[in-house]
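Beneath this line is the structure, given in structure tokens, with notes to follow.
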Amino acid sequence: MRLIGLMTAAANAAAALLALPVAPKASAACPDVQVVFARGTGEPPGVGRVGQALVNSLHQQTGRAIAEYGVNYPANDDFLAATAGANDASDHVQQMASTCPNTKLVLGGYSQGAAVIDIVTAAPLPGLGFSQPLPAEAAEHVAAVTLFGNPSGRAGGLMTALSPHFAGKILNLCNEGDPICSGGNQWKAHMGYVPGLTNEAASFVASKL
């Protein structure tokens, strides 16, 4: 599929990017805010470049120490494995809602990672292998959702539009010319979410905290 080819090329480009400085970490036990972020294809485990930029900007804009959780999934060319990330993210949100009910959670994802979060936040769809749907009471602990370069926009519509629990909490950002989330052909656009749009997303999140 052409989309898979585009995503593979995006992964190769992402691998060449340098990591950003890390914002101060919140206490591991029940932080005020935690960003749960799914990295893009080909990035090493963690929150990835875009996720780290979001965490850093949110810290700068709010003055709070921001905890982070990198969604555990392969982030490779097997895009069906995105459901593994969705299950992990949903399970983590449910655990945090139970053990740290006062922590405000922020969900986010870049490129394939945005599709991971799409699955978590959309109404459950059959046949995707998603076995950890997010209960309404757990979803209430999510303050905001920020997605970058979301491939589901190109594939026929954003799955987050199906979300019954996140109205007004979701920000989907797609750079003009980004071939992953739009009909463009500019790879620089897909790699160009830092710092402009990560700062915009952080402002959106800050307004929801």
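Just so we're aligned: the sequence shown equals residues -28 to -1, 1 to 181 in mature numbering (1 follows the signal peptide of the UniProt record, and there is no 0).
We put the CB at the ideal spot given by N, CA and C, even for glycine.
If you draw a straight line from the alpha carbon of residue i to that of residue j, how long is it in whole angstroms?
| i | j | result |
| --- | --- | --- |
| A174 | G101 | 31 Å |
| T170 | A39 | 17 Å |
| L181 | Q33 | 12 Å |
| D63 | S179 | 26 Å |
| V27 | V166 | 12 Å |
| L(-23) | H137 | Because L(-23) sits at a pLDDT of 47, beneath the cut-off of 50, its placement in the model cannot be relied upon, and the following sentence gives the value as read from the coordinates. Going by the C-alpha atoms only, they are around 31 Å apart. |
| P(-5) | S29 | Because P(-5) sits at a pLDDT of 49, beneath the cut-off of 50, its placement in the model cannot be relied upon, and the following sentence gives the value as read from the coordinates. So the alpha carbons of these two residues sit roughly 11 Å apart. |
| P16 | F51 | 16 Å |
| E172 | G35 | 16 Å |
| N122 | G140 | 18 Å |
| G168 | G14 | 22 Å |
| K160 | G23 | 18 Å |
| T71 | P3 | 11 Å |
Taking the alpha-carbon of residue i as reference, which of the options has the nearest alpha-carbon?
| i | options | result |
| --- | --- | --- |
| D49 | S83, A61 and N28 | S83 |
| A1 | N44, G42 and P73 | P73 |
| S124 | T34, N144, P136 and G140 | N144 |
| E109 | A69, S135 and A87 | A69 |
| A87 | Q6, Y45 and A111 | Y45 |
| R21 | D150, G85 and Q6 | G85 |
| V5 | F51, Q104 and T75 | T75 |
| H162 | P151, G168 and A115 | P151 |
| S154 | G140, F120, G35 and I142 | F120 |
| S135 | W159, I89 and T71 | I89 |
| I142 | G81, W159 and K160 | G81 |
Is the separation between the beta-carbon of residue i and that of residue j shorter than 8 Å?
| i | j | result |
| --- | --- | --- |
| I91 | T118 | no |
| H31 | A37 | yes |
| L79 | H113 | no |
| G18 | G42 | yes |
| A94 | V8 | no |
| N59 | S103 | yes |
| Q67 | L106 | no |
| N157 | G149 | yes |
| A116 | V177 | yes |
Tell me, which residues are paired with residue i by DSSP?
| i | result |
| --- | --- |
| T118 | G80 and L143 |
| Y41 | V8 |
Using 8 Å for Cβ pairs, my map puts residue i next to residue j. What's the rounded Cβ distance?
| i | j | result |
| --- | --- | --- |
| R11 | A53 | Not really, about 13 Å apart at Cβ, beyond 8 Å. |
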